[in-house]
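Visitor: First, the structure itself, so that you have it in front of you.
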Amino acid sequence: MKKKVLIIDDEAAFTNIVKLTLEGRENYEVCVENKSRQAIATARKFWPDIIILDVVMPDLDGGEVFTQIMADPVLKRIPIIFLTAIVRQNEIDEHDGMIGGSFYIAKPVSADGLIAAIDDHIRS
Amino acid sequence: MTVMGEPRAKSEADMNSESQKLASGQDGFLLRNLLQNIPDHIYFKDRQSRFILINPALARVIGLRSPEDAVGKTDFDIFTQEHAEAALADEQEILRTGVPLVGKEEKETWPDGTVSWVTSTKLPLRNKQGDIVGTFGISRDITDRKHAEEALKLAVSDLHKSRDDLRSAHQQLMHAERMETVGRIAAGIAHEVQNPLQILLMSLDYLFQRMPDRDPVLDGVLNEMRHATLRANKIIRGLLDFSRSEDLVLKAQDINKLLDNAMALVKHTVRQHQIDLQMQLAPELPPLALDGMKIEQVFVNLFTNAIHAMPDGGVLTARTRAERLTETLRDFGSREAGHFYAGDLVVIVEIEDTGQGIPPEILRKIFDPFFTTKATGKGTGLGLAIVKRIIDLHSGEIEIDNRPEGGARCRLMFKAHEK
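Sequence order for the protein chains is A and B.
Using the numbering used here, you'd call the opening residue of the first sequence number 1 and step up by one each time.
Using the numbering used here, you'd call the opening residue of the second sequence number 125 and step up by one each time.
Here's what the structure looks like:
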């Protein structure tokens, strides 16, 4: 069964290439949401196994989307990875991948790096 | 009508006549009056510079009971040797030339060590035939004025110093503000540029993945693109480092250990370039409150620069020592840099290479962001700017200069906090 990945990021060029990359590996089904305000509705419709969430977005930022997900009794069980350029990978590594109780990956990340993180979190 | 027996009131005309008589100096009354009462020092000397006559004011100041006690004495009996010799030389000159010495300022040092200043006028003393038979002079104590002048000089010098300090503080402030602006802009740019870089990087990964049978030319082009993207990312990471070095995690650190850790990271390159490594680390240094990771980053940057300065080998020396400052260091770093005062216990780290050294015109710019002497693509020009910022945040001091024997030296100073 394919792993369902929801990517919430306002950068359409980025979400397109992530979708192409992940779906190119065949065992992923990717849903993209570029409008953060629609993130919750999209998540409820798609029921992902994991959410990749950008932090700096217009309208609703990643933190606000995260709060809404956590407030939803069902969605809150879905693992979330923040993917952002606002932190450095070595800063994340210093905190064992977690900042403020959430998992982070720093941009830019390689395709292999992103896939490894997704697999790790879905497994756990 | 005049009443006999009553003293007659002197008329104006009588008094004028009396003054004229006195003024004629027949009985020396005016001269005596002048000598007795003037607070200036007046003296007459013979050709051997022995006193013939001095006035009471001078007698008082040299501690004689009466002016007559001075007769026959010389300056050597009263003043220090140095002063007496100078006065003698002046008088000999007047005796020889007949030219007066007018308004000379002299320092008088008394046997008890006290110093006074006088302005002195000395003239040749001539007899009725016009022959020079001695000298005479008058001197006025100007010690108070001299002290006031010195105080004024000191005040003016202080004022100049304050003005220079202010100028330098202003320049530092401008520099710090420029750096802060650069930092803010850098952070903004870094974030904005990293998103497109992310797209490029992942797209290249995708192309590599989807085109397994690439011809070598296409493969080369894709690889160049990947390298260029990673290089751009490295610059952006440097910018973020520069703009984000504000948050320190301070812990008591053994600076020798941080140097060892940093050295371990560059050891491979040191070996590659056949560089002789000298670690001269003083044992039992006081612990310092430092952000270990950031200071390690500083050392790695400094080691890397030193290694790059010696492409054909050389000696890289890292040295530490603790020292108690004997004088206060003036703050010449940025606004954040701390002050070092006499008596402070400090730890000094020196990193030296035996490379080409740094041209003097470049020395003052080396801490500026984006300033680099390395070839395009080899350095971001942020290494030393980050180093400086981290050291400033630790209230430390950093200096880079050329060693007289060749090569560059970087000296770091941190204040040790004593219990």
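Beta carbons are placed, not taken as given, at the ideal position from N, Cα and C, and that holds for glycine.
Since the model is a prediction, treat every value here as computed from it, not as a measurement.
1) Using a Cβ cut-off of 8 Å (strictly closer), state whether proline 182 (chain A) contacts chain B.
2) Using DSSP's beta-bridge definition, name the partner residues of leucine 177 (chain B).
3) Let me see if you follow: with CB-CB separation under 8 Å, is arginine 513 (chain B) close to chain A or not?
4) In terms of residue numbering, what span does the alpha helix (DSSP H) encompassing lysine 246 (chain B) cover?
5) Buried or exposed, going by whether 16 or more other CB atoms sit within 10 Å of the CB of phenylalanine 491 (chain B)?
6) Does any residue of chain A have a CB that is nearer than 8 Å to the CB of arginine 334 (chain B)?
7) How long is the line joining the alpha carbons of glutamate 206 (chain B) and serine 173 (chain B), rounded to whole angstroms?
8) Here's the rule I'm using: 16 or more other beta-carbon atoms within 10 Å means buried, otherwise exposed. How should proline 191 (chain B) be labelled?
9) Would DSSP call arginine 445 (chain B) helix, strand or coil?
10) Which residue wins for smallest C-alpha separation from alanine 386 (chain B), given the options B:Gly237, B:Leu409, B:Thr428 and B:Gln396?
11) Aspartate 329 (chain B) CB to nearest chain A CB: under 8 Å?
12) Less than 8 Å between CB atoms is the rule here; does threonine 21 (chain A) satisfy it with respect to chain B?
13) So is leucine 469 (chain B) buried or exposed if we call it buried at 16+ other beta carbons inside 10 Å?
14) Report yes if the C-beta distance between leucine 247 (chain B) and glycine 258 (chain B) is below 8 Å; otherwise report no.
15) Using the C-alpha atoms, what's the distance from serine 292 (chain B) back to valine 280 (chain B)?
16) Does any residue of chain A have a CB that is nearer than 8 Å to the CB of glycine 412 (chain B)?
17) Between histidine 351 (chain B) and chain A, is there a C-beta pair that is closer than 8 Å?
18) Got a sec: which bits of the segment 14 to 41 of chain A sit with their beta carbon under 8 Å from any beta carbon on chain B, in order along the chain?
19) What residues in its chain sit with their C-beta under 6 Å from that of lysine 4 (chain A), if we drop five residues either side in the sequence?
20) Of all the CB atoms in chain B, is at least one closer than 8 Å to the CB of valine 56 (chain A)?
21) Bridge partners for alanine 376 (chain B) per DSSP, in chain order?
22) Using 10 angstroms around the beta-carbon of glycine 501 (chain B), count the other beta-carbons present and answer buried if the total reaches 16, otherwise exposed.
23) 8 Å is my cut-off, CB to CB: does isoleucine 8 (chain A) come that close to chain B?
24) For serine 286 (chain B), count neighbouring Cβ atoms within 10 angstroms of its own Cβ and tell me buried if that reaches 16, exposed if not.
25) Round the Cβ separation of threonine 107 (chain B) and isoleucine 218 (chain B) to the nearest angstrom and send it over; I've been treating them as touching at under 8 Å.
26) Going by other Cβ atoms of all chains shown within 10 Å of its Cβ, with 16 needed for buried, is leucine 374 (chain B) buried or exposed?
27) Throw me the rounded Cβ distance for the serine 36 (chain A) and methionine 70 (chain A) pair, which I believe falls under 8 Å.
28) Let me know if asparagine 27 (chain A) comes out buried or exposed under the rule of 16 or more other beta-carbons within 10 Å of its beta-carbon.
29) Would histidine 541 (chain B) be called buried (16 or more neighbouring beta carbons within 10 Å of its own) or exposed?
30) For the segment 505 to 515 of chain B against the segment 422 to 436 of chain B, are there 3 or more C-beta pairs whose distance is under 8 Å?
31) Helix, strand or coil: how does DSSP classify serine 286 (chain B) here?
32) Three or more C-beta pairs under 8 Å: does that hold for the segment 440 to 448 of chain B against the segment 469 to 479 of chain B?
33) Three-state secondary structure (DSSP) at phenylalanine 14 (chain A)?
34) Can you list the residues of chain B that alanine 85 (chain A) reaches, using a CB-CB cut of under 8 Å?
35) Between the C-alpha atoms of glycine 237 (chain B) and lysine 231 (chain B), what's the straight-line distance to the nearest angstrom?
Guide: Answer, in terms of the structure:
1) The question about residue 182 (chain A) has no answer, for chain A in this structure spans 1 to 124.
2) B:Phe168
3) no
4) It is not in any alpha helix (DSSP H) - lysine 246 (chain B) instead sits in the beta strand (DSSP E) that spans 239 to 250.
5) buried
6) yes
7) 15 Å
8) buried
9) strand
10) B:Thr428
11) yes
12) yes
13) exposed
14) no
15) 18 Å
16) The question names glycine, but residue 412 (chain B) is leucine in the sequence shown. No, no contact with chain A.
17) no
18) Phe14, Ile17, Val18, Leu20, Thr21 and Gly24
19) Glu29, Pro48 and Asp49
20) yes
21) B:Ala413
22) Residue placement at glycine 501 (chain B) is poorly supported in this model, since its pLDDT is 49, which falls under 50; the coordinates are not used for a value here.
23) no
24) exposed
25) Since the first and last residues shown for chain B are 125 and 543, residue 107 (chain B) lies out of range.
26) exposed
27) Incorrect: roughly 15 Å between the Cβ atoms, too far for contact.
28) exposed
29) exposed
30) yes
31) helix
32) yes
33) helix
34) Ala314, His315, Gln318, Asn319 and Gln322
35) 12 Å
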